[in-house]
Structures are given as C-alpha cells and as structure tokens.
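Visitor:
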Amino acid sequence: MRLFMWDDDGALKFSKNYLNDIPRYAILSHTWGPDDEEVTYDDIKNGTGQNKAGYTKIDFCARLAKESGLKFFWVDTCCIKKMDFTELHEAINSMFKWYRDATRCFVYLTDVSLCGQSHTDAAAPPWKAAFRTSRWFTRGWTLQELLAPKSVEFFACEGEKLCERNTMAQEIHEITGIPKDALYGTSLTSFSTEERMRWTEKRTTTKQEDQAYCLLGIFGVYMSLIYGEGENAMLRLKKEVENSSKATIRAIKTCIDRDDADDLAIEIQNHYIDLNAAEVDGTCPAICYAAHYGRVNAFKLLMRQPGINIDIADPRWRQRPLFRAVKSKDDKARNDRHLEIVRILLDSGKVDINAQDEYGKTALTVAAIFGVTEGVKMLSNAGADRTIRDDNRMMPLDYVREKLMCEKDQEMKRRFGQIFECLEQPTL
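The opening residue of the sequence shown carries number 1 in UniProt numbering; numbering runs sequentially from there.
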C-alpha cells in the first residue's frame, strides 16, 4: 500500500510501498471526474497535476489528515500505479481492507455545497436535499467505501463537514436501502448474498467489469481481473461467492463433527451462512445435523444464533431436531448427549412436540420404536400425544407391542417393557 506522507519540510510525497505494519492513515472517498481532470501517479512523480481539478480533493484530504494528527493518507486516483497491472490487481482486491483499516475516512461530495446556505433549521439543513441526490450514492465503488470504514465523515465541496455516517444512518438507509445495522458496523457476513446484491442494484460503474470487481470486499472473495470480459465478470464473482459458501458449509460441518463450539463460532462470525437453509450434509440444516449426532456444544451455540429456527424440518424427510435427537445415525440415541439435546429442546418451549415426519411418525413414535426409554419418558412427561397414528395407522404403543413379541435381545426387551408401562399409564 503506497501512501501520501508529509516529509520533514512539510511537503507531500509518496511513502514506500507498505506490505505489512502499515502506519495509521486517513483515506479519501469521492467520485471521479473526467480522467483528464484527475491527478495520477505519474502526475505526482513528475511534479505536475496541481492545476488539475482533482488536486482540490488531494489538498482537502491532506489538510484533514494533518489536522487529525495523521502523517499519512491515501487517495485512489494517484496512490495506485494503474499502468502496473499487478499493482492494480492487488489494490482492487485489497481495497475493502484498506478502507476498513483507515483511521479516518473523509467523503468529499463534489455536488453538495454550502454556498449561500444558512443553518437556521438544524433539523433540516438546506444541504440535505443535495445530499440525498448526491452522485456518490449511485456509484459502485463507493458502496464498500460507505460500509468498510469504522467511521465515515461527509464533507461539502467547500471542505466543510456535514455529518457522519452513524448520525445520518436513517437518511442513508432511505437513500440506499441498506439496513441501518450494516451502516452501524454489523459484519456483512450477517447479511445474505441476495441482500448484499440488492444493495448494488441502483449503482453503476464506468467499466462493466467493475460492477463485479467493486464487490469483491463486500463478499470477502479474491478474484483475478480480466478487463474486457464484460458480463462474465459478474458470473465469475457469483461462482466465487458460491464456492466460498460451500467451503464455509464444509467448515461448519467439520466443527459440528468435532463438537467444537469455539471454532464454529468463528466460522459463523467470519462467513455469512444461512443456518436455516444450509444443508451441511446434503440433507439437513446445521441444527438438525448437530441434534442427529448428539453434538451438544455445537447445538447450544447454534441455538443462540439470531434467527435460528430450532424446530426446522429437513427438506427431505421432514424430520426436526427433536426427532433427530431421539433417532441418531446408528439408531442408538440412548446416550446422555442426545437426551441432553431432547431436554434442551423441550425446555425451550419452541418446538412442536407432536410434529410428524414424511411418514407420519412423531418423535415419541421414533423413541418408542428404537427403545429410547428415557426419551419416551421425557416426551410423555412433556405432553406428547400417544394416540397419533403414522402412515401405517400405528400408534407408539402398537410398535412397542410388536417389539415385545419379536425382540430376542433381553436388554432391549427389558427396555421395551419399561416403555410399554410408561405408555400404558394414564395421562394427567
């Protein structure tokens, strides 16, 4: 990252090209004018460009950086050597991070002026109308410049401060459609791919490919630049996002398999994933998967996630977490881990205890079939309906009678005897 800096004589010059240990810096956000009006890397190196219209923005950012006690600042028009494709490629893929890591972000609004305006009404200053229609809100590249920094400060073309992102969050939400939570700094991984794509619908870029390239940081993906590829750039972006999502799902499955709540929390925090929709093993959402394999730590963490549906049914068999917890993969949901998940779900009061799967079976029916004595007792005590018939017209007790007649294993026969007694008892 190449920065502007103040030398010992008070003159502006380029810093070295930082790879690591980047010093504190301010960063400029703006909309580009015609190419011949913007100051380039070569202009700065050759000592020219002061007479270009774009130099006003450099001078503006330099002044504010200095007033903020910052020796360094960054301006995209001239801090990137755009004729060096390798440098341009790295810069575009790093842009979101550079804005995110900036100490201050100054937005220079060329089309918002305070000239001739009085501030008699603090609630509705005259500049707000121009602010709402500013070109800055219509450009593709400024989306990440709005969302990435810790704070964003808006300035009129005269260099006077207008407002900050957080204090104008409601107005910016109305202008852009971006949720206020995103404006306040909530991780973008908390928003779906579809929602983030919607934020770009009214934004444009000069080059067609930049419609995709300006979103790399929004989706946290790295992609090669191929100017001239046209609309294929967006197709490649969507493919990269899809691949990233699949990798995240695999990582989440691995964390659940290990019952590693700490790593699972990191994966959920760092990568957007719709936990209600993602089929971690190709058949069921994460919380069903955790219940099925008795991963208590992972299950508890998933339960705490905003928007999680703890009574969701998998799309194939219509089996919910409660059902999965009493019917593990090896059909031995008799251990403490699975029963702990059953208890958690029943205590939550957020599950339909009598929900039926694709074959009409309830959790109580399944617990009875597989001889899960404690599970049957817990479900019965919680008020599970013993009279629901499945697609075979069988109730839980009917299956237990069959098991008692044909079961050869004495331990299992003992279990079915206990279940029979439990189900025969009158309900309260």
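Positions of the beta carbon are idealized from the N, C-alpha and C atoms, including for glycine.
Note that the coordinates shown come from a computational prediction; the quantities given were computed from them, not determined experimentally.
May I have the straight-line CA-CA distance separating glutamate 195 from glutamine 410, to the nearest angstrom?
Guide: Rounded to the nearest angstrom, the two C-alpha atoms are 57 Å apart.
Visitor: Taking all protein chains shown into account, decide if phenylalanine 85 is buried (16 or more other Cβ within 10 angstroms of its Cβ) or exposed.
Guide: With fewer than 16 other Cβ atoms within 10 Å, it is exposed.
Visitor: By alpha-carbon positions, which one of Asp398, Lys52 and Thr365 ends up nearest to aspartate 385?
Guide: The candidate whose alpha carbon is nearest that of aspartate 385 is Thr365.
Visitor: Using the three-state DSSP reduction, which class does serine 113 fall into: helix, strand or coil?
Guide: In the structure shown, serine 113 sits in coil (DSSP, three-state: anything other than H, G, I, E or B).
Visitor: Mind checking aspartate 390: buried by the 16 CB within 10 Å criterion, or exposed?
Guide: Aspartate 390 comes out buried.
Visitor: Would you mind sorting lysine 327 into buried or exposed? The rule is 16 or more other CB atoms within 10 Å of its CB.
Guide: Buried is the call here.
Visitor: Mind checking alanine 26: buried by the 16 CB within 10 Å criterion, or exposed?
Guide: The residue in question, alanine 26, is buried, as its Cβ has 16 or more Cβ neighbours within 10 Å.
Visitor: Measure the CB-CB distance between methionine 5 and asparagine 17 and report whether it falls below 8 Å.
Guide: Taking 8 Å as the Cβ cut-off, methionine 5 and asparagine 17 do not qualify as a contacting pair.
Visitor: Assess, as a yes-or-no matter, whether the stretch 221-235 is touched by the stretch 170-184 under the definition of 3 or more beta carbon pairs within less than 8 Å.
Guide: Verdict: no, contact absent.
Visitor: Would you kindly work out how many angstroms separate the C-alpha atoms of phenylalanine 420 and aspartate 336, rounded to a whole number?
Guide: For phenylalanine 420 and aspartate 336, the distance between alpha carbons rounds to 22 Å.
Visitor: For arginine 324, which residues from the same chain have a beta carbon less than 7 Å from its beta carbon, with the 5 sequence-adjacent residues on both sides left out?
Guide: Result list for arginine 324: Cys288, Ala291 and His292, in chain order.
Visitor: Does the beta-carbon of lysine 246 have 16 or more other beta-carbons within 10 angstroms, so that it is buried, or is it exposed?
Guide: Exposed: under 16 other Cβ atoms inside 10 Å.
Visitor: How far does the alpha helix (DSSP H) with phenylalanine 191 in it reach, from first residue to last?
Guide: Counting along the chain, phenylalanine 191 falls outside any alpha helix (DSSP H), and DSSP gives it neither H nor E.
Visitor: I need the DSSP call for cysteine 214, collapsed to helix, strand or coil.
Guide: Of the three classes helix, strand and coil, the one that applies to cysteine 214 here is coil, per DSSP.
Visitor: In chain order, which alpha helix (DSSP H) runs of at least 4 residues are fully inside the UniProt domain "Heterokaryon incompatibility" (25-112)?
Guide: List check, alpha helix (DSSP H) in window: 41-46, 55-67, 76-79 and 85-101.
Visitor: Would you tell me roughly how many angstroms separate the C-alpha atoms of serine 15 and leucine 275, rounded to the nearest one?
Guide: Computed Cα separation, rounded: 45 Å.
Visitor: Quick one: what's got a C-beta closer than 8 Å to serine 348's C-beta in the same chain, skipping five residues either side?
Guide: Result list for serine 348: Met303 and Ile310, in chain order.
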